[in-house]
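Remarks on the structure that follows.
There are 2 protein chains.
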Amino acid sequence: MLYERIPDFLLIMLCLLPIVCINGCGPKEQAVSSGKESSQPQRYGMVIGLKPEKIEYYKKLHAAPWPGVLQQITRSHIHNFSIRLVELKPGEYYLFGYFEYTGDDFEKDMKAMAEDAETIRWWKETDPCQYPIETAKQGDKWTMMEEVFYHP
Amino acid sequence: MLYERIPDFLLIMLCLLPIVCINGCGPKEQAVSSGKESSQPQRYGMVIGLKPEKIEYYKKLHAAPWPGVLQQITRSHIHNFSIRLVELKPGEYYLFGYFEYTGDDFEKDMKAMAEDAETIRWWKETDPCQYPIETAKQGDKWTMMEEVFYHP
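Sequences listed follow chains R and B, in order.
Add 29 to a position in the first sequence, counting from 1, and you land on the number used in the numbering used here.
Add 29 to a position in the second sequence, counting from 1, and you land on the number used in the numbering used here.
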């Protein structure tokens, strides 16, 4: 279901961070922790299209997700993870994911997820249900969104 | 910025809840608490369009939100509230809101927000930036999204 491409995204964001910080408009969720454990979770939001003919199957899968997939999500320090569905235009559906990352090496944790056998099997089921949004970076599946407001 | 119409939405959802529960596909975030304080926050996700020519002003407003507005959000038991921006199609922008509700009377808390003078002034700034999605219910501003997956 998730994020083979997030490490690429993160790398680019890390390179851009000094620039966007200077300009005062950096995505707030990209705060980088240098400690072993983030003192505060880093928030992520992402979006992807869902094929209308796959809605039923996608919902069925996610109503009873495979235990091994959930265990890998936890091992990769992803928490409070929810996915929402919306019909944004008539017949046009999108999934919106929100999660919090509590680890200290996002790239490493996402790599571990992408190499987990059960997760790979799960993605073989979910990938054909989804399609990247029109503005997605070449090769991306989910597109990360910029946080413009936060209130604890 | 928020939710004059959420009470309407909530009422409809409360009416529909028995039906969708029977069908096993009710939005999970609509769990109703009968206690004084929810033992677990109820999660909400919502979406609205953002006019391209208003992006800069919207971001500027939300980079320094008015203290009175934030205080009312807290008084209305809304926490961990973030808004994200994405260009879903070339030149077509959307805002995605995620928040957690910790109170025991969502309708009452949203009404209090809608009646707060500072919040009313804030919405006079933010409303002209936004437009409801094509599939929004008549009169709705933000459209609530159905949660299809959750992992703590």
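Glycine residues also receive a C-beta, built at the ideal position from the N, C-alpha and C atoms.
Can you check whether the CB of residue j is closer than 8 Å to the CB of residue i?
{"i": "residue 184 (chain B)", "j": "residue 95 (chain B)", "result": "Missing from the structure shown is residue 184 (chain B); chain B here goes from 30 to 181 and no further."}
{"i": "residue 148 (chain B)", "j": "residue 101 (chain B)", "result": "yes"}
{"i": "residue 181 (chain B)", "j": "residue 130 (chain B)", "result": "no"}
{"i": "residue 112 (chain B)", "j": "residue 177 (chain R)", "result": "yes"}
{"i": "residue 78 (chain R)", "j": "residue 167 (chain R)", "result": "no"}
Could you tell me if the beta carbon of residue i falls within a distance shorter than 7 Å of some heavy atom in the ligand FMN?
{"i": "residue 79 (chain B)", "result": "Absence of the ligand FMN from the depicted structure is noted, as is the absence of any ligand whatsoever, leaving it without description."}
Between which residues of its own chain and residue i is the CB-CB distance below 8 Å, once the five residues before and five after are set aside?
{"i": "residue 76 (chain B)", "result": "123, 124, 125, 126, 162, 171, 172 and 174"}
{"i": "residue 120 (chain R)", "result": "81"}
{"i": "residue 141 (chain B)", "result": "101, 104 and 105"}
Using C-beta distances below 7 Å, list every residue in its chain close to residue i, excluding the 5 sequence neighbours before and after it, in chain order.
{"i": "residue 138 (chain R)", "result": "105, 106 and 132"}
{"i": "residue 145 (chain R)", "result": "101"}
{"i": "residue 90 (chain R)", "result": "154 and 155"}
{"i": "residue 165 (chain B)", "result": "172"}
Could you name the residues of chain R that residue i contacts, counting a contact when the two beta carbons are closer than 7 Å?
{"i": "residue 72 (chain B)", "result": "111"}
{"i": "residue 175 (chain B)", "result": "113 and 114"}
{"i": "residue 148 (chain B)", "result": "Residues of chain R passing the Cβ test: none, with the nearest at roughly 13 Å."}
{"i": "residue 80 (chain B)", "result": "Residues of chain R passing the Cβ test: none, with the nearest at roughly 14 Å."}
So residue i contacts chain B; which residues on that side make the cut at Cβ distance below 8 Å?
{"i": "residue 118 (chain R)", "result": "162, 163 and 164"}
{"i": "residue 94 (chain R)", "result": "178 and 180"}
{"i": "residue 91 (chain R)", "result": "177 and 178"}
{"i": "residue 77 (chain R)", "result": "By Cβ distance, chain B contributes nothing, its closest Cβ being about 11 Å from residue 77 (chain R), past 8 Å."}
{"i": "residue 108 (chain R)", "result": "180 and 181"}
In this structure, does DSSP put residue i in helix, strand or coil?
{"i": "residue 97 (chain R)", "result": "helix"}
{"i": "residue 166 (chain B)", "result": "coil"}
{"i": "residue 108 (chain R)", "result": "strand"}
{"i": "residue 75 (chain B)", "result": "strand"}
{"i": "residue 173 (chain B)", "result": "strand"}
{"i": "residue 118 (chain B)", "result": "strand"}
{"i": "residue 161 (chain R)", "result": "coil"}
{"i": "residue 149 (chain R)", "result": "helix"}
{"i": "residue 179 (chain B)", "result": "strand"}
Take residue i and list the residues in its own chain whose beta-carbon comes closer than 6 Å to its own, dropping the five residues that flank it on each side.
{"i": "residue 117 (chain R)", "result": "123"}
{"i": "residue 97 (chain B)", "result": "147"}
{"i": "residue 128 (chain R)", "result": "73, 107 and 110"}
{"i": "residue 53 (chain B)", "result": "Here residue 53 (chain B) scores only 33 on pLDDT, less than 50, and its place in the model should not be relied on; the value that follows carries that caveat. Nothing meets the Cβ criterion."}
{"i": "residue 83 (chain R)", "result": "158"}
What does residue i touch in chain R if you count any residue whose Cβ is under 9 Å from its own?
{"i": "residue 127 (chain B)", "result": "72, 74, 111, 113, 125 and 127"}
Using the beta-carbon of each residue, which ones in chain R are nearer than 8 Å to residue i?
{"i": "residue 172 (chain B)", "result": "115"}
Residue i touches chain B at which residues, Cβ-Cβ below 7 Å?
{"i": "residue 153 (chain R)", "result": "What residue 153 (chain R) touches in chain B: nothing, since even the nearest Cβ is about 17 Å away."}
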